[in-house]
Amino acid sequence: MSNLTIFKTNWNDLVFEGRNKSYGAYQLRNENDRTTIKAFLLGTCLIAAFISIPVISNYMKEAIVIPTNRTIDDVLVVTDFQKIYNPPAPTEPVAAPKAVAPKAIQTQTSYVAPVVTNTTEIVKELPTVAVLETTKAGSTDVIGSENGSVVLGRAGEGNGPEVLGATTGTGDTEGTIYNTAAVEKMPTYPGGIKQFLSEVGRKFKVPSSAEEKVTTARVYVNFVVERDGSISNIQVIKDPGYGLGQEAIRVLRSIKTKWTPGMQNGKAVRTAYNLPITVNVQ
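Using UniProt numbering, the first residue of the sequence shown is number 1, and each one after it goes up by one.
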């Protein structure tokens, strides 16, 4: 018994003496040495394979070559700038208009702001470009004369009408009615002309007869701003009818706020004023 070891097959024969040796345990013990050697060799091969695969893979990869002296001429791109941007054709300079010798006095066309009321829209119709090319722009309409003078309006108590650029004899200059284009300083309404037009529009009431038959009409009125700032001589120059002219006179007479009179040679003078009123029946 002292010479037996567990690593020899004799030990297995002794253990399984008188037993069924065809049982699996006997066979496993007899083949234990070979099984252990096979497992060791197989494990060694697997470990060697895991270690060698990355090394072989890196060895088989191609080396990456990084160019060091790349020049700009390696790639040449040709661009047709004509297709990208076509400069506009040069424009011909506009010839300056020829200078026209100024006339002594031209016909003047009024060019004033429109007036809007709660029931009417008071608008001065703007002159066309063709009219402005042959006339001078101003705040009122003045008809020019061939001899180079402009009639300022009806005279008061003088011997005749006062004429710009002409002498009138011995008439009373205090009664002369000046046109707004002839005075040194035009008459002004407190708050400006817009405030005056607003007052006219606010107080203007369209007559019932006009509401039924008129959609748009225009009334031209004229009045005189006296030396004390009050207005007088209210007249309808052009009346479309239907009571619109009478209503315009009523509205102007109802405005009691005084103007600052026009000035000529440092003195307050009587000044004629024109007012076109356009009525739009809503």
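For each residue, glycine too, the CB sits at the ideal point set by N, CA and C.
Note that the structure is predicted; figures quoted are calculated from it, not measured.
By the Cβ test, the region 177–190 is not in contact with the region 234–250, since fewer than three Cβ pairs between them sit closer than 8 angstroms. Around the beta-carbon of E226, 16 or more other beta-carbon atoms lie within 10 Å, marking it buried. If you look at S232, you'll find it in the beta strand (DSSP E) that goes I231 to K238. Less than 8 angstroms separates the beta-carbon of N274 from that of N222. Nearest neighbour of I177 by Cα position, chosen from P54, V269 and V279, turns out to be V269. Looking at the DSSP output, M263 shares a beta bridge with K185 and A268.
The closest CA to that of P261, considering only M186, R250 and A248, is found on M186. In this structure V183 is in contact with Q264, their Cβ atoms being roughly 5 angstroms apart against a cut-off of 8 angstroms.
About 16 angstroms separates the beta carbon of T257 from that of V224, a gap too long to meet the 8 angstroms contact definition. Under DSSP, Y178 shares a beta bridge with T271. Pairing R218 with I277, the inter-Cα distance amounts to about 6 angstroms. The Cβ-Cβ distance between K194 and E247 does not fall below 8 angstroms. Note: Y59 is not bridge-paired with any residue in the DSSP secondary-structure output.
Comparing alpha-carbon positions, the option among K98, L252, S198 and K267 lying closest to G175 turns out to be K267. Membership of A248 in the alpha helix (DSSP H) is indicated by the continuous run L244 to S254.
CA-to-CA, the gap between G201 and T180 works out to about 22 angstroms. Taking C-alpha positions only, G229 is separated from A95 by approximately 49 angstroms.
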